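Trainee: Below: one structure in structure tokens.
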């Protein structure tokens, strides 16, 4: 009667990883608090010159944003609903850096 260990396959298998997003540090030139306050007027970055996933021209398209909890380690500012920009790579380039098809721009203050 020994201990039995059951190994369950992680839901983050290779197929899931190809579809899940990656986060790219987004170097905003304002505080996280100002980014949050003025998000609706913020200019959406355009990646028409080069997709960060495949290097393609006119490849990445803006998908919208998702919400996440955020605590700025530098200032202590925290919100339960910080918007994070999301994009989709259409695989038009030939310099693919990963298997992901989506990416998000995470304000650099929140990158671990």
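Numbering (the working numbering), first residue to last: 4 to 115.
Note that CB positions come from ideal geometry on N, CA and C, so glycine has one too.
What you are looking at is a predicted structure, and each value in this text was computed from that prediction instead of being measured.
(1) What residue range is occupied by the uninterrupted beta strand (DSSP E) comprising residue 35?
(2) Between the stretch 57-71 and the stretch 86-103, can you find at least three pairs of beta-carbon atoms closer than 8 Å?
(3) Let me confirm a value: residue 88 is counted as buried when at least 16 other C-beta atoms fall within 10 Å, else exposed. Which label applies?
(4) Mapping DSSP to helix, strand and coil, what is residue 44?
(5) Could you pull the DSSP bridge partners for residue 73 from this structure?
(6) Hey, quick one: how far does the beta strand (DSSP E) through residue 106 stretch, first residue to last?
(7) Output needed for residue 63: all residues of its chain with C-beta closer than 6 Å, excluding positions within five of it in sequence on either side, in chain order.
(8) In angstroms, rounded to a whole number, what distance separates the CA positions of residue 107 and residue 26?
Mentor: Let's see:
(1) Where residue 35 is concerned, there is no enclosing beta strand (DSSP E), although the alpha helix (DSSP H) it sits in stretches over 35-40.
(2) yes
(3) buried
(4) helix
(5) 82
(6) 105-110
(7) 50, 54, 90, 92
(8) 5 Å
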